[in-house]
Amino acid sequence: MTPQPESALATVDATREALASADYLASDAVATTTYLASTLGKPLLVEGPAGVGKTELAKAVARATGRRLVRLQCYEGVDEARALYEWNHAKQLLAITAERESSWDAVRSDIFGEEFLLARPLLTAIRSPEPVVLLVDELDKADEEMEGLLLEILSDFQVTVPELGTVAATTHPFVLLTSNATRELTEALRRRCLFLHLDYPDAELERRIVQLQVPGLPETLAASVVRVVGALRDLNLRKSPSIAETVDWARTLLALGADELDPALVRSSLGVVLKHQDDIATVIADLDLDRALAG
Amino acid sequence: MPSPAERGAPSRGAPAPDALAERLVDLTTALRGHGLGVGTSDVADAGRVTRVLGLDDRERLREGLASALLRRSGQREVFDQVFDLYFPAALGARSDLADVELPEGDPREVAEAIRALLTDALATNDERALEQLAALTAERLGELAKQPGWSAAQALDRLAPQTAIAGAMEQAQARLVGDGEGGATSAQGGGSAGSGGGAVGQGGFAESLARDEMRSRVAEFRRKVEAESRRRNAELRGRERIARYAVRDSADRRDFLSSGSRDLAELRTTIDPLAKRLAARLSARRRQAARGEIDVRKTLRRSLSTGGVPIDPAMAHRRPHRPDLVLLCDISGSVAGFSAFTMALMQALSTQFRKLRVFAFVSTTDEITDLVRDADRLADDVVTTALRTRKVLGWGASSSYGQALDSFVDGHLDAIGPRSTVLILGDARSNYGLPRLEQLRTIRDQARRTYWLNPEPARSWDTGDSLAGQYARVVGMHECRNVEQLRTFVGRTLAG
Chain A
346 MTPQPESALA
356 TVDATREALA
366 SADYLASDAV
376 ATTTYLASTL
386 GKPLLVEGPA
396 GVGKTELAKA
406 VARATGRRLV
416 RLQCYEGVDE
426 ARALYEWNHA
436 KQLLAITAER
446 ESSWDAVRSD
456 IFGEEFLLAR
466 PLLTAIRSPE
476 PVVLLVDELD
486 KADEEMEGLL
496 LEILSDFQVT
506 VPELGTVAAT
516 THPFVLLTSN
526 ATRELTEALR
536 RRCLFLHLDY
546 PDAELERRIV
556 QLQVPGLPET
566 LAASVVRVVG
576 ALRDLNLRKS
586 PSIAETVDWA
596 RTLLALGADE
606 LDPALVRSSL
616 GVVLKHQDDI
626 ATVIADLDLD
636 RALAG
Chain B
4 MPSPAERGAP
14 SRGAPAPDAL
24 AERLVDLTTA
34 LRGHGLGVGT
44 SDVADAGRVT
54 RVLGLDDRER
64 LREGLASALL
74 RRSGQREVFD
84 QVFDLYFPAA
94 LGARSDLADV
104 ELPEGDPREV
114 AEAIRALLTD
124 ALATNDERAL
134 EQLAALTAER
144 LGELAKQPGW
154 SAAQALDRLA
164 PQTAIAGAME
174 QAQARLVGDG
184 EGGATSAQGG
194 GSAGSGGGAV
204 GQGGFAESLA
214 RDEMRSRVAE
224 FRRKVEAESR
234 RRNAELRGRE
244 RIARYAVRDS
254 ADRRDFLSSG
264 SRDLAELRTT
274 IDPLAKRLAA
284 RLSARRRQAA
294 RGEIDVRKTL
304 RRSLSTGGVP
314 IDPAMAHRRP
324 HRPDLVLLCD
334 ISGSVAGFSA
344 FTMALMQALS
354 TQFRKLRVFA
364 FVSTTDEITD
374 LVRDADRLAD
384 DVVTTALRTR
394 KVLGWGASSS
404 YGQALDSFVD
414 GHLDAIGPRS
424 TVLILGDARS
434 NYGLPRLEQL
444 RTIRDQARRT
454 YWLNPEPARS
464 WDTGDSLAGQ
474 YARVVGMHEC
484 RNVEQLRTFV
494 GRTLAG
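So the sequence lines, in the order shown, correspond to chains A and B.
Just so you know, we're using our numbering here: the first sequence kicks off at 346 and counts up by one.
Just so you know, we're using our numbering here: the second sequence kicks off at 4 and counts up by one.
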């Protein structure tokens, strides 16, 4: 089975435009790797700090290509039954009770049929007749065994269900895995993927993102919000502000009716951007906010 | 079956396919030399990437190859440097510099002229001009006098780009006032500082913001000059050589002992994410260790209700063991960087330990647990403060492991209990003093486990005044030259 290149993602520029039309402004790196993942038919592993748009990228790809998004949210202890498939035990019991008269052989072959199979995200993505976008979110939260389970899917796009045999994909899903790097993923998994490190966007791109998300924001205010957030990210904070927080801040400032960013305003609304009291204290000391206010 | 994009003819000016394949293989060999695990299948992927993307757009090719060859985030810096060598931006002297007029001859005058242009470029943040100036700086100021070649250090030394920051800031502010944008902010604050940063208010706030931005622009400029000199040198002396010797390793593979203050500052920013990853690893290992042991008594008692058949096995609950950690750190000159990093890392990991106590020594030992704990509130860094305020110096200013062990056993032995893990940090170079092995044995016998982390490469142990071999016969000694080795050690041994 060869990958079927998505017409919406036919070149790097087309990819960038398709993502933009899905309200996702992509950097050169994002557009290039997304295009490669689609063309080469390889899964894409996206790593980076929280809130830079890793999950959003998968949603945007789904919107841009008109595919369905199948999402597997990982957490500690997620297992085969949650990720792949499960037998519907209650229904099987009902079937056995209902068919008490029939022979054992008939019942046995019956209750392990399609009807009693509960497909979880991975199986859903593989069996789907239309190509889908499969998002495996926050893979670093799952246990290492989970990665072993994914290997067969990532390299051959097939899964093996003991009672049914091997189910191979008829269409090629676009697979995107995200990780916050709280745990090192195994080498075996990394080798099967293209790798994209998604970092905070540069100032120009972030300003465009903010203006896209907060219509009506004056241009100068957007520029200064992005500047200040950029400076905050350079400080050694416990939690650096993400794009989502930049957008939230811009919304707050717009709601406050501000048209420029002065120290008093920064200080009073810092809580929107920073989520730790220590961080707020650090920033006030480091950016000289008090001096600016007193002056 | 090739997809439409793959069928595209090779782009103009592209090397023959074989040459390109060879170039990719050379590139990956150079990456492997810097510790990046690049497999054969990755090289095949890289080949596919070049075929699909073509060679027209260098930055896209860079991103594409990075996605195929890299496996984790910290490897990008090395990759960029190597990529610049194997897919250079230009050959020989750049031809796009003709429109910049510079005086001939005296490097001081040239430096002056470039600095003036740099000030303009920084003030307007003109990226193309910065790129050009970096190339010019390397070409005109970096050329070595005695032998063919280019030196970025010499060029940056002559130019001193950081001196352009103040001028650039003034210019940027003047421009804003000229635009009339600054006028809008004059309503508040003392006017003396001038209005800076457009809509970002005034005074210290705007100024420190602008200065930070200028600084990072200058840092970027320095990197460009370095890349340009590497490129020119590679043409002169061969890519392989330059890729091996002139490419800076990623932060976690740089030697502690040869790290400068800039490297150490860079390392310090990696402590928090590293601590988070290690903590996740340690607690995962503890959880795993707690699973799987069957409590026979409990299982038998439960089996009574099922007629003696152990249907429902009971697992033993193991009390999680969190060790008491005792650090014994040499903070004399050469190893101070290594000790400081390890102390900060252990402090960041302190939730993983029941208790953390830190002792420092040069020639006698004193406790500095409180300094490490409140490192954020100190005016100086921990080592400087400890040297000034604690009794870590005995008779001389040079380190003496014998005396240090003596004074630890005399004064602080009660810090070590049966649950303690002791880590000794140091290069075991005792300036020809007595080793006092029996004191180390005392420590070892009283602790649960004792390890020695030595930042020197194992091959230079036992050379000169090193007592590494003698100490290594008493406690396990581990080579710990860089963050990577330290991380491996912590992940393996401190889980409990």
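Heads up, the beta-carbon is just placed ideally off N, CA and C, and yes, glycines get one too.
With the rule of 3 Cβ pairs closer than 8 Å, the region 44-54 of chain B does not count as touching the region 365-376 of chain A. In terms of beta-carbon proximity, R74 of chain B lines the interface with chain A, with at least one pair separated by less than 7 Å. Annotation: R536 of chain A to F356 of chain B spans about 35 Å, alpha carbon to alpha carbon. Less than 7 Å divides the Cβ of L267 of chain B from the Cβ of G340 of chain B. Taking 7 Å as the cut-off, the beta carbon of L610 of chain A is found no closer than this to the beta carbon of A382 of chain A. In the three-state scheme derived from DSSP, where H, G and I count as helix and E and B as strand, V555 of chain A is classed as helix.
When beta bridges are read from the DSSP output, C332 of chain B appears opposite B:A363, B:L428. About 20 Å separates the Cβ atoms of T523 of chain A and L550 of chain A, ruling out a contact at the 8 Å cut-off. Annotation: the continuous beta strand (DSSP E) that includes T511 of chain A extends over 510-513. The residue from B:L120, B:E441, B:V493, B:L88 with its alpha-carbon nearest to that of T166 of chain B is B:L120. Taken in chain order, the members of the region 536-555 of chain A whose beta-carbon sits within less than 7 Å of a beta-carbon on chain B are R536, L539, F540, L541, H542.
Annotated as proximal: V478 of chain A and L414 of chain A, with beta-carbon spacing under 7 Å.
Under the three-state reduction of DSSP, A249 of chain B is assigned to coil, being neither helix nor strand. The DSSP-derived three-state label of V81 of chain B is helix. With a 10 Å radius around the Cβ and a threshold of 16 neighbouring Cβ atoms, Q622 of chain A comes out exposed.
DSSP places Y420 of chain A in the coil class of the three-state scheme, outside both helix and strand.
Selection B:S262, B:D129, B:A431 evaluated against S469 of chain B yields B:A431 as nearest (Cα-Cα). Of all residues in the region 368-390 of chain A, only D373, A374, T377, T378, L381, T384, L385 come within less than 7 Å of chain B when Cβ atoms are compared, listed by chain position.
Taking 4 residues as the minimum length, the alpha helix (DSSP H) runs contained wholly in the region 390-473 of chain A are 399-410, 425-428, 434-443, 449-456, 466-472, in order along the chain. In the structure shown, the three-state DSSP call for V312 of chain B is coil.
Chain B has no Cβ within less than 7 Å of the Cβ of L462 of chain A. Counting only Cβ-Cβ distances below 9 Å, V55 of chain B has contacts in chain A at Y380, L381, T384, L385, in chain order. Runs of the beta strand (DSSP E) lying entirely within the region 359-418 of chain B and spanning at least 3 residues, in chain order: 368-370. In terms of Cβ geometry, L72 of chain B and L64 of chain B do not form a close pair [threshold 7 Å]. For S500 of chain A, the CB contacts under 6 Å within the same chain, skipping 5 residues up- and downstream, are R537 in chain order. Close partners of L212 of chain B in chain A (Cβ separation under 8 Å): R572, V573, A576, L632. The C-beta of A283 of chain B comes closer than 7 Å to at least one C-beta of chain A. C-alpha of F344 of chain B to C-alpha of N525 of chain A: approximately 24 Å in a straight line.
Contact of E590 of chain A with chain B by beta-carbon distance below 9 Å is absent, the smallest such distance being about 18 Å. Only residues of its own chain outside the window of five on either side were considered, and among them V391, G393, V397, K399 have a CB closer than 6 Å to the CB of L543 of chain A, listed in chain order. For N236 of chain B, the secondary structure class from DSSP, reduced to helix, strand or coil, is helix. Separation of the CB atoms of K486 of chain A and E421 of chain A is rounded to 6 Å, and the pair is thereby assigned contact status at 8 Å. With fewer than 16 other Cβ atoms from the protein chains shown falling within 10 Å of its own Cβ, M318 of chain B counts as exposed.
In summary, D409 of chain B is buried, with 16 or more beta-carbon neighbours lying within 10 Å of its beta-carbon over all protein chains present.
R361 of chain A is outside the set of residues whose beta carbon lies under 7 Å from a beta carbon in chain B. V406 of chain A and C419 of chain A have their C-alpha atoms some 20 Å from each other.
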